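Read the structure below first, then the notes.
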Amino acid sequence: MTEATGIDQLMRRVRIRDSPGDRLGTVLTITLLPVPIVSALYASHRLLAGTPEAGGSGALSYLIYGCVNLLVVAILYVILTPKRRESVFVFHRPSAGEVAGSLGAFLAGLGVYQVTARVNAVLGVQMSGFSYSLNDPMTVFAVVAGAVVLAPVTEEILYRGLVLGALTDRGIGSVSATVVMTALFAVIHLPNFGVGGTIFISAWGILPAILRIRYENLVGAVVMHVLNNLFAYVIVVKLG
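Going by the UniProt record's numbering, 236 is the number at position 236 of the sequence shown; the sequence numbering is gapless.
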């Protein structure tokens with residue numbers, strides 16, 4: 001009985017009943033929660049495997065990251081009231097225009113890569129490559145499940161759904177909120193993708209934000225994100 005009472009008290013304390021913009025500290029804590037969890041799991045994996053390489057360098061790391069993000073999104077769903085969930089988990093049937101927009105944004109993202117690759121070359125920095133082969137079925141599963149499915153869906157919920165919504169709720173303009181959110185989104189990728197990759201994500205991350213704001217929906221942003229990761233993590237790697 002005492003344990004149940006303690007859980008009820010904790011839920012009342014962390015429950016987000018007001019606008020997420022009024023709980024920006026809680027929003028940022030939830031959004032960044034995967035970072036220390038994933039880092040700890042990577043470190044544990046290195047210790048158990050006896051390898052000095054960075055924990056985020058192999059295919060398994062993408063599955064770990066995706067699963068941790070899924071756990072955090074589940075926590076977010078629980079602590080949001082039903083009314084607040086509607087403003088964060090914004091999923092409804094996309095219009096034909098949104099589908100076309102997501103495909104266009106995906107193609108635009110390929111152009112962003114080319115531009116930022118040249119910028120990185122001028123700055124003398126490189127994007128970190130992928131250190132896995134798709135010849136092993138378990139590797140394929142880890143990459144597809146983690147990087148192509150779980151990461152795009154959960155990241156769109158956390159960043160374009162939660163953070164972007166919380167910032168605009170506080171009265172911050174859409175452009176400024178997109179810049180702040182995208183900078184945060186890029187920085188969390190720094191350990192795995194390096195400075196060059198972070199520069200690319202800083203520019204690329206604006207595209208799904210535009211889709212989210214334009215169509216008031218996350219579906220188009222998720223579709224664009226999935227296509228991007230499918231191309232980068234599977235097709236490009238398979239083609240060598």
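For every residue, glycine included, the Cβ atom is placed at its ideal position computed from N, Cα and C. Small disclaimer: the values here were computed from a predicted structure and weren't measured.
- Going by DSSP, residue 131 is part of no alpha helix (DSSP H) at all; its letter is neither H nor E.
- In this structure, residue 91 and residue 219 form a Cβ contact; the two beta carbons are roughly 6 angstroms apart against a cut-off of 8 angstroms.
- Taking one beta carbon from each stretch, the region 181-195 and the region 122-138 have 3 or more pairs nearer than 8 angstroms; the two touch.
- Per DSSP, reduced to three states, the secondary structure at residue 207 is helical.
- One alpha carbon belongs to residue 113, the other to residue 204, and they sit about 8 angstroms apart.
- Only exposed fits residue 96, as fewer than 16 other CB atoms lie within 10 angstroms of its CB.
- Within the same chain, Cβ atoms closer than 7 angstroms to the Cβ of residue 166 are found at 20, 21, 24 and 27, the five residues on either side in sequence being excluded.
- Between residue 157 and residue 89, the beta carbon gap of about 6 angstroms places them in contact (Cβ cut-off 8 angstroms).
- Per the DSSP secondary-structure output, residue 80 pairs in a beta bridge with 16.
- Here DSSP, grouped into helix, strand and coil, assigns residue 89 to coil.
- Under the DSSP assignment, residue 172 falls outside any alpha helix (DSSP H); it carries neither an H nor an E label.
- Excluding sequence positions up to five before and after residue 80, its CB lies within less than 7 angstroms of the CB of 16 and 88, all in the same chain and listed in chain order.
- Distance check between residue 120 and each of 74, 98 and 199 places 199 closest, using alpha-carbon atoms only.
- Taking residue 186 as the centre and dropping the five residues before and after it, the same chain places the C-beta of 198, 201, 202 and 205 closer than 7 angstroms to its C-beta, in chain order.
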